[in-house]
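Q:
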Amino acid sequence: MTDRGMEYLGSADVDRALDGIDVVETAAEVLRLHAADLVRTPAKAFLQWPAEEGAARTLNMPSWLGRPEGPLVGTKIINGNPANARFGLRRAEGLILLFDPETGHVRTMMQAARISALRTAAVTAVAVEHLSAGPPRTLSVIGAGTLAEVHLEVLVPRLRELRRLVIHDHDPRRAEKLAAHAAGAWAGRSVDCSTASGAEEAVAGADVVVTLTTTDEGYIRYGWLKKGSVLVNVSLDDPLPEVFLAADALVVDEWGLITADRRRILGKLHRAGRIAEQGGQGAPALGEGRAVTAHLGEVVAGTRPARTHEHDIVLVNPIGMSAQDVALAAKVAQRAKPLGLGSVLPH
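Here's what the structure looks like:
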């Protein structure tokens with residue numbers, strides 16, 4: 499056993515190595531491992547502090563994956579501030595560390611921003627492909643930041659029958675800029691790209707709705723959603739509690755992380771006794787409540803269906819498993835070697 503130092507991949511190295519990797523299939527692989535109880539994702543270590551603008555925070559999220567080809571262990575450290583966008587900065591960035599599964603030593607370190615954004619969009623793509631009632635023709639995106647741009651990069655090529663894209667953002671100029679970018683990027687696809695002045699207008703009639711905002715106040719009402727639609731709540735608190743309680747199916751990626759989270763609405767609803775674990779009975783004492791329908795990994799593995807009828811409204815609430823980042827980072831590290839990317843940092 500030798501220890502030659504730690505490999506480091508900068509942003510340019512990561513970008514080049516990602517070219518040719520199927521990020522959606524990578525996300526699906528992790529979800530299948532999760533369904534087989536071969537993923538460990540303990541509660542996130544979270545620290546927030548006041549900044550001159552907004553509130554900065556750091557998250558440390560380790561994971562273990564029991565892959566057939568050998569275990570994979572690592573962590574993602576992601577730092578940021580929602581106020582960064584006002585200054586033309588990324589909302590968040592950080593590092594992914596891959597560990598030697600035998601020694602525990604850090605084997606590889608790489609920039610995380612691109613990987614984090616891509617794996618988030620990839621999980622959304624997996625959810626849409628497995629939970630849509632039929633090929634989506636209208637996509638609504640709420641929030642027009644960097645993550646929205648990456649979602650369109652991943653989603654639009656896979657939604658072959660998409661005909662309409664509607665974007666809403668609290669800053670109309672950002673929504674217009676992203677709509678123009680999408681129209682130019684997919685000019686040959688005959689996709690009508692437009693903006694909506696309000697969230698209700700954007701959501702109405704959409705087959706798929708994806709929330710990518712920084713808000714901590716709910717605003718999406720159950721009555722806005724089209725029958726048969728899929729709502730992927732990537733951000734924090736966009737759907738009101740009524741949506742979680744009334745949706746025909748509620749799908750999560752990792753229940754343990756949700757119960758440990760004290761910031762997102764689903765964790766709050768669970769602690770209030772209104773959302774129960776999969777197989778639970780909801781909250782009969784309150785006269786209302788429901789249980790989680792399925793884990794996304796079970797849906798991907800085909801072991802538990804979520805949608806039972808074409809007209810079902812499905813709410814997907816992925817909290818974000820760092821196992822997704824670690825798995826994608828491992829593929830980046832593997833691909834980087836034959837390309838001669840990165841450098842070795844001596845101890």
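In our numbering, the protein residues as written are 499 to 845. Idealized CB from N, CA, C, for every residue including glycine.
For the stretch 698 to 716 and the stretch 625 to 639, state whether three or more C-beta atom pairs, one from each stretch, are separated by less than 8 Å.
A: Cβ pair count under 8 Å is three or more, so yes.
Q: By alpha-carbon positions, which one of L764, R612, A702 and T713 ends up nearest to G721?
A: Nearest option by C-alpha distance: A702.
Q: Can you list, in chain order, the residues of its chain whose CB lies under 6 Å from that of G726, leaving out five sequence neighbours each side?
A: Counting only Cβ-Cβ distances below 6 Å, and skipping sequence neighbours, we find A631, E808 and H809.
Q: Between which two residues does the alpha helix (DSSP H) containing L616 stretch?
A: Taken as a continuous stretch (DSSP letters only), the alpha helix (DSSP H) holding L616 covers A611 to L629.
Q: Can you check DSSP and say which residues form a bridge with D520?
A: Looking at the DSSP assignment, D520 forms no beta bridge with any residue, so it has no partner.
Q: Give the straight-line distance between the Cα atoms of A697 and T801, rounded to the nearest whole angstrom.
A: Roughly 35 Å between the two C-alpha positions.
Q: Measuring alpha carbon to alpha carbon, tell me which residue in A799, D759, Q832 and L764 is nearest A543.
A: Selected option, being the one with the closest Cα: D759.
Q: Between which two residues does the beta strand (DSSP E) containing A704 stretch?
A: Counting along the chain, A704 falls outside any beta strand (DSSP E), and DSSP gives it neither H nor E.
Q: Could you check whether G552 and A581 sit closer than 9 Å to each other, using their CB atoms as the reference points?
A: Yes.
Q: Among K574, T757, L570 and R656, whose alpha-carbon lies nearest the alpha-carbon of E600?
A: Residue L570 is the option with its Cα nearest to E600.
Q: Span of the beta strand (DSSP E) holding V728?
A: Segment V728 to N731, the beta strand (DSSP E) holding V728.
Q: Measuring only the C-alpha atoms, how far is K829 from S733?
A: When rounded, the distance between both Cα atoms is 26 Å.
Q: Suppose only complete runs of 3+ residues qualify. What are the beta strand (DSSP E) ranges in the stretch 662 to 696, listed by chain order?
A: List check, beta strand (DSSP E) in window: 662 to 666 and 690 to 693.
Q: So, with DSSP's three-state summary, where would you put N926?
A: The displayed coordinates of the chain run from 499 to 845. Any statement about residue 926 would go beyond what the structure contains.
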